[in-house]
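Numbering of the sequence shown is given in the numbering used here, commencing with residue 112 and proceeding in unit increments. From the three backbone atoms N, C-alpha and C, an ideal C-beta is built for every residue, glycine too. Since this is a predicted model, take the numbers as computed values, not measurements.
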Amino acid sequence: MEFAKSILVTGGAGFIGSHAVRRFVNRYPEYRIINLDKLTYAGNLDNVKDLEGKLNYVFVYGDICDNALVDELFAKYSIDSVLHLAAESHVDRSIENPMEFINTNILGTLNLLNVARKYWGESAGNGKNLFYHISTDEVYGSLGKEGYFTEDTSYDPRSPYSASKASSDHLVKAYFHTYKLPVVVSNCSNNYGPNQYPEKLIPVVIKQVFENRPIPVYGTGDNIRDWLYVLDHVEAMDHIFHKGRLGETYNIGGNNEWNNLDLVHKICALLDGKLGKQPGDSAKLINFVTDRKGHDKRYAIDASKLKNELSWEARQQFDKDLGDTIDWYLELYKSNKD
Ligand SMILES: NC(=O)c1ccc[n+]([C@@H]2O[C@H](COP(=O)([O-])OP(=O)(O)OC[C@H]3O[C@@H](n4cnc5c(N)ncnc54)[C@H](O)[C@@H]3O)[C@@H](O)[C@H]2O)c1
Numbered sequence: 112m113e114f115a116k117s118i119l120v121t122g123g124a125g126f127i128g129s130h131a132v133r134r135f136v137n138r139y140p141e142y143r144i145i146n147l148d149k150l151t152y153a154g155n156l157d158n159v160k161d162l163e164g165k166l167n168y169v170f171v172y173g174d175i176c177d178n179a180l181v182d183e184l185f186a187k188y189s190i191d192s193v194l195h196l197a198a199e200s201h202v203d204r205s206i207e208n209p210m211e212f213i214n215t216n217i218l219g220t221l222n223l224l225n226v227a228r229k230y231w232g233e234s235a236g237n238g239k240n241l242f243y244h245i246s247t248d249e250v251y252g253s254l255g256k257e258g259y260f261t262e263d264t265s266y267d268p269r270s271p272y273s274a275s276k277a278s279s280d281h282l283v284k285a286y287f288h289t290y291k292l293p294v295v296v297s298n299c300s301n302n303y304g305p306n307q308y309p310e311k312l313i314p315v316v317i318k319q320v321f322e323n324r325p326i327p328v329y330g331t332g333d334n335i336r337d338w339l340y341v342l343d344h345v346e347a348m349d350h351i352f353h354k355g356r357l358g359e360t361y362n363i364g365g366n367n368e369w370n371n372l373d374l375v376h377k378i379c380a381l382l383d384g385k386l387g388k389q390p391g392d393s394a395k396l397i398n399f400v401t402d403r404k405g406h407d408k409r410y411a412i413d414a415s416k417l418k419n420e421l422s423w424e425a426r427q428q429f430d431k432d433l434g435d436t437i438d439w440y441l442e443l444y445k446s447n448k449d
């Protein structure tokens with residue numbers, strides 16, 4: 112079967128990657144999607160179970176750092192584009208054990224870039240190849256009460272995770288300038304939605320309330336994050352993949368800032384209703400714990416470039432999307448219990 116594109120998606124069994132793979136497989140049957148994933152603790156084939164058997168979908172178990180494997184995939188599937196999501200993604204784990212972050216996020220990205228360069232050459236501008244690197248707003252550091260990250264904000268990563276992502280962003284852009292590899296980068300704010308491993312704030316809160324255990328909140332809970340629904344993120348990715356300008360960075364945000372404590376209270380209130388508890392019951396589980404080392408105060412995104420250039424902006428339906436997300440996790444936790 113002839114395919115219009117042959118896209119290597121890395122990390123497609125993880126949280127965001129699984130939604131990206133699903134969108135591309137279902138929306139573009141003319142594209143072949145090769146999902147390469149090492150299935151770490153954060154990867155789960157259940158996240159993409161519904162795609163098994165689709166004619167334009169292939170899953171490959173493996174490591175993005177494995178040069179022979181990545182080379183073999185480029186040759187076997189005539190890979191013309193890469194959507195690179197595979198990463199170690201949890202800040203707390205990076206503080207405990209930075210090495211895995213350096214291996215996967217930096218060396219793994221470098222390996223993908225080298226193989227793409229070997230097969231594509233100096234192909235920027237041929238309209239066929241694209242190396243799309245998915246990154247985070249955390250590379251920009253931390254904001255005070257005012258201001259937003261723009262694409263021109265200087266990099267100032269402060270955790271081993273964000274430093275490893277910043278390094279990979281720089282390598283991707285260096286390959287554009289040095290070798291004319293066709294690349295694009297996006298830096299996105301905090302995502303929420305189904306399929307996220309329960310170590311990040313929203314699934315943790317739901318799990319703890321479901322199990323009637325303390326909800327850990329760092330410091331005083333006054334750190335501020337911008338929250339974007341994962342399906343919005345992959346829709347933005349689709350726009351950037353098809354229409355983004357080569358060598359450019361696009362910031363992706365939800366225009367939806369919450370401090371951690373307010374957000375936890377909001378989730379608790381929704382859970383009270385959904386679990387038939389008295390109003391205020393779930394919030395009684397809130398337990399302030401020692402703050403994360405070097406905890407960034409505030410992230411906020413100015414996503415106007417994406418809106419002006421590619422006509423994309425996040426839908427403003429946080430209540431609905433958060434409610435759906437909570438329902439999804441409650442179903443999962445109930446079925447795990449049965
Ligand atoms: N989660 C967020 O809020 C967020 C926000 C902005 C950007 N990002 C970026 O988006 C990407 C995906 O994040 P996520 O939250 O879905 O992460 P995740 O931790 O849920 O999933 C990562 C996936 O990558 C796979 N993986 C890890 N190391 C690998 C390796 N060496 N080779 C092959 N596969 C490997 C894992 O098995 C997993 O399936 C990351 O690059 C992350 O930096 C995440």
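| Check | Outcome |
| --- | --- |
| Every unbroken alpha helix (DSSP H) inside the segment 215 to 246 [4 residues or more] | 220 to 231 |
| Distance between ARG228 and HIS376 (C-alpha atoms, nearest Å) | 48 Å |
| Where ASN390 falls, given that 16 or more other Cβ within 10 Å makes a residue buried | The sequence given here has Pro at residue 390, not Asn. When all chains shown are included, PRO390 counts as exposed. |
| Beta-carbon gap between GLY122 and ALA197 smaller than 8 Å | yes |
| Candidates ARG426, LEU241, SER275 and SER189: closest to GLY364 by CA position | ARG426 |
| Unbroken beta strand (DSSP E) run spanning THR401, endpoints | Counting along the chain, THR401 falls outside any beta strand (DSSP E), and DSSP gives it neither H nor E. |
| DSSP state of LEU119 mapped onto helix, strand, coil | strand |
| Where ARG138 falls: helix, strand or coil (DSSP) | helix |
| Minimum C-alpha distance to HIS201 - residue among PRO140, GLU249 and LYS284 | GLU249 |
| Sub-8 Å separation of ILE351 and TYR361 beta-carbons | yes |
| Residues that DSSP places opposite TRP369 in a beta bridge | ARG336 |
| TYR410 versus PHE260, ILE213, PHE399 and LEU224, residue with shortest Cα-Cα distance | PHE260 |
| Beta-carbon separation (whole angstroms), ILE145 vs TYR188, contact threshold 8 Å | 5 Å |
| Paired residues, beta bridge with PHE170 - DSSP | ASN146 |
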